[in-house]
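Notes follow once the structure below has been shown.
Residue numbers (the working numbering): 2 to 145.
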């Protein structure tokens with residue numbers, strides 16, 4: 002993740018709580034099988050103690066998880082595709098539930114409507130948020 006992405010992922014995690022695995026290793030590289038490594042920007046295991054790790058995986062079988070893909074730009078089709086397919090990649094770990102979240106710096110009304118159709122949650126965290134209480138309260142309300 003880049004500087005514009007990491008803080009957004011962590012900001013969202015601080016509101017959600019649980020275990021954050023940044024750069025979750027969803028798929029390992031296998032050149033013989035023609036499979037590229039796939040990382041998910043963040044995976045949160047909901048309802049667990051608050052802690053984080055960078056890289057690797059965790060046992061998520063039977064757990065409620067949030068798959069996060071983050072970009073420090075306007076919502077795009079690429080980001081939505083990452084969010085959609087992250088859910089599919091995590092299904093192989095047999096979690097109880099997967100919520101797919103796309104975090105971006107600004108929205109796009111049309112793409113936000115399409116995201117609803119695929120049950121992708123769009124979270125907009127602007128560049129100038131500066132621990133904005135209004136934004137924090139809004140995100141907390143959405144989670145309850």
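Glycine residues also receive a C-beta, built at the ideal position from the N, C-alpha and C atoms.
Distance from the Cα of residue 95 is smallest, within the candidate group 128, 69, 60, for 60. The beta carbon of residue 23 lies closer than 6 Å to those of 43, 55 in the same chain, with the five residues before and after it left out. Approximately 5 Å separates the beta-carbon atoms of residue 19 and residue 49; this is inside 8 Å, confirming the contact. Counting along the chain, residue 46 sits inside no alpha helix (DSSP H); it lies in the beta strand (DSSP E) bounded by residues 39-46.
A straight line joining the alpha-carbon of residue 115 with that of residue 17 spans about 24 Å.
Across the set 129, 57, 120, the C-alpha of 57 shows the shortest separation from the C-alpha of residue 38.
Here residue 64 is near residue 46, since their CB atoms are less than 9 Å apart.
Distances from the CA of residue 104 to each of 113, 118, 98 were compared; the closest alpha carbon is that of 113.
For residue 84, the three-state secondary structure derived from DSSP is helix.
Per DSSP, the continuous alpha helix (DSSP H) segment holding residue 118 begins and ends at 110-118.
Within the DSSP bridge table, the entry for residue 68 names 44, 101 as partners. As computed with DSSP, residue 59 is found in no beta bridge at all.
Cβ-Cβ distances below 6 Å link residue 100 to 67 in the same chain, with the five nearest sequence neighbours on each side left out; the list follows chain order. A Cβ-Cβ distance of about 17 Å is found for the pair residue 110 and residue 126, leaving them out of contact under the 8 Å criterion. By alpha-carbon distance to residue 9, the top candidate from 128, 134, 87, 97 is 128.
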